[in-house]
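Enquirer: Let me begin by handing over the structure; questions about it come next.
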Amino acid sequence: MLLFKRLLTSFVLFLILWVALSVGTLAVVGGVAGAQAAAKANARDYQSGYAAGQAAGQEVGRKYATTIFLITFGVSAVASVGLSFSGLLPWCRKKSEPPPLPQV
């Protein structure tokens with residue numbers, strides 16, 4: 004029963020971590036690429052900076068999306084298995100048994 008709880012917890016954690024890490028990583032990488040493109044284009048107003056950043060962010064997303072998804076897939080798989088089998092979560096811990104009584 005404990006193994007089933009751990010495997011189920013690992014699967015649910017994997018899904019949550021994979022979505023969160025993938026979206027977060029794509030947002031950060033796209034934002035950095037967009038900021039660099041807007042700075043390189045010497046954008047002086049909001050519209051030109053937005054257009055340059057949007058184009059650069061989409062290009063980075065198309066170019067590196069598969070790599071980011073595969074890396075976050077692996078990281079979230081390792082993290083979810085590690086968290087569920089380490090005993091950090093209360094429902095994934097082994098029940099502690101009292102020490103045996105001394106024989107008289």
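All you need for the working numbering is the position in the sequence shown, starting with 1, plus 3.
A virtual CB, placed ideally from N, CA and C, is assigned to each residue, including glycine.
Please report the straight-line C-alpha distance between Leu-73 and Thr-28, rounded to a whole angstrom.
Expert: Here residue 73 refers to the residue found at position 70 when the sequence shown is read from its first residue. Here residue 28 refers to the residue found at position 25 when the sequence shown is read from its first residue. Distance between the alpha carbons of Leu-73 and Thr-28 is about 12 Å.
Enquirer: Taking Ser-99 as part of the alpha helix (DSSP H), name the residues at either end of that continuous run.
Expert: The sequence position of residue 99 within the sequence shown is 96, counting from 1. Counting along the chain, Ser-99 falls outside any alpha helix (DSSP H), and DSSP gives it neither H nor E.
Enquirer: Pick helix, strand or coil for Pro-93, following the three-state DSSP scheme.
Expert: Taking the first residue of the sequence shown as position 1, residue 93 is located at position 90. Note: Pro-93 maps to helix in three-state DSSP.
Enquirer: Can we say the stretch 53-63 touches the stretch 32-42, given the rule of at least three CB pairs closer than 8 Å?
Expert: Counting Cβ pairs under 8 Å, three or more are found: they touch.
Enquirer: So, with DSSP's three-state summary, where would you put Val-107?
Expert: In the sequence shown, residue 107 corresponds to position 104, counting from 1. Here Val-107 sits in coil by DSSP.
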